[in-house]
Ligand code: ADP
Ligand code: ADP
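In UniProt numbering, the protein residues as written are 356 to 584.
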């Protein structure tokens, strides 16, 4: 179970405009951690740095004590699973989208991974099973169903770190709550970082960091932050 450390991270997309102003925080191993803040605060940027889509101008990011600048892209991608807000699915079967080969290859490995209660729960709620064709010529999935497939696709790889970047924020409240309940069970057993713009969606996080204009505004548990509001 890896930990995540941001150590005085400075970053801007353009050299003359700093987005993250020396950000430091630590996600202990196995903890469900959340980052909230207004739009433009730098939340997605933080996730992109963790994935090394970009490198910081200064400061360090450590996973499990190791500077990610020293880690290969391949091992970084194996260590981190990310679920974005708007997942794009292939025009293919649900099974293929989750990770089966077109001919069903890999089904055994995936079945083994899928036996986790959470993943089974995600798949059971999908229409008509893994062989269902989705997309342009197949079944149109609702936003919630699409996100279930996307989350299952990420969980199948069993990544030690799970990043949810506004993964449920485009959904209606009921679907969101349903998916969050599943994710809560998953997150309990791994290091996770949930990015959100509303406190209500991250009530289960062990620790919440409030980001504002690229700076740590405050941090605490859900109850502590609500009391301060
Ligand atoms: P959040 O996820 O909190 O809404 P972002 O990390 O997406 O915030 O954005 C933080 C700031 O960085 C914003 O001012 C945004 O305009 C800017 N930004 C985001 N992505 C890019 C990019 N690819 N190029 C230039 N500026 C960007
Ligand atoms: P990803 O979204 O996969 O992390 P990138 O890291 O390349 O991809 O960032 C591109 C994202 O940033 C796109 O979603 C784009 O809409 C957004 N973006 C690009 N430039 C800006 C900007 N100046 N302000 C805000 N968002 C931006």
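C-beta atoms are modelled at their ideal positions from N, C-alpha and C, and glycine is treated no differently.
Residue 431 sits in a helix when the DSSP states are folded into three classes. The closest CA to that of residue 435, considering only 450, 441 and 407, is found on 407. Here DSSP, grouped into helix, strand and coil, assigns residue 551 to strand. Taking the Cβ of residue 374 as the reference point, at least one heavy atom of ligand 1 falls within a distance shorter than 7 Å.
For residue 512, the Cβ stays outside the 7 Å cut-off from all heavy atoms of ligand 1.
The shortest CA-to-CA distance from residue 449 to any of 360, 494 and 418 is the one to 494. Burial is judged here by how many other beta carbons sit within 10 angstroms of a residue's own beta carbon; residue 509 has at least 16 and is buried.
Under the 8 Å Cβ criterion, the segment 404 to 421 does not count as touching the segment 438 to 449, having fewer than three qualifying pairs.
In this structure, DSSP gives residue 544 a state outside helix and strand, which the three-state scheme calls coil. Its chain contains 444, 445, 446 and 447 as the residues whose beta carbon lies nearer than 8 Å to that of residue 490, once the 5 sequence neighbours on both sides are disregarded; these appear in chain order. For residue 495, the CB stays at least 7 Å from every heavy atom of ligand 1. In the displayed model, residue 531 falls within a helix according to three-state DSSP. According to the DSSP assignment, residue 562 belongs to the beta strand (DSSP E) that extends over 562 to 567.
With contact defined as three or more Cβ pairs closer than 8 Å, the segment 382 to 401 and the segment 561 to 578 are in contact. Within the segment 478 to 513, complete alpha helix (DSSP H) segments of at least 4 residues are found at 498 to 511, given in chain order. Chain-ordered, the residues whose CB falls short of 6 Å from any heavy atom of ligand 1 come out as 368, 374, 392, 394, 395, 396, 397, 398, 399 and 400. A distance below 8 Å between beta-carbons, with the five flanking residues on each side excluded, links residue 431 to the following residues of its chain, in chain order: 406, 407, 418 and 423. In this structure, residue 438 and residue 359 do not form a Cβ contact; the two beta carbons are roughly 17 Å apart against a cut-off of 8 Å. Under the 10 Å beta carbon count, residue 383 is surrounded by fewer than 16 other beta carbons and is classified as exposed. 8 Å or more divides the Cβ of residue 385 from the Cβ of residue 374. Counting along the chain, the unbroken beta strand (DSSP E) around residue 379 starts and ends at 375 to 382. In this structure, DSSP gives residue 404 a helical state, which the three-state scheme calls helix.
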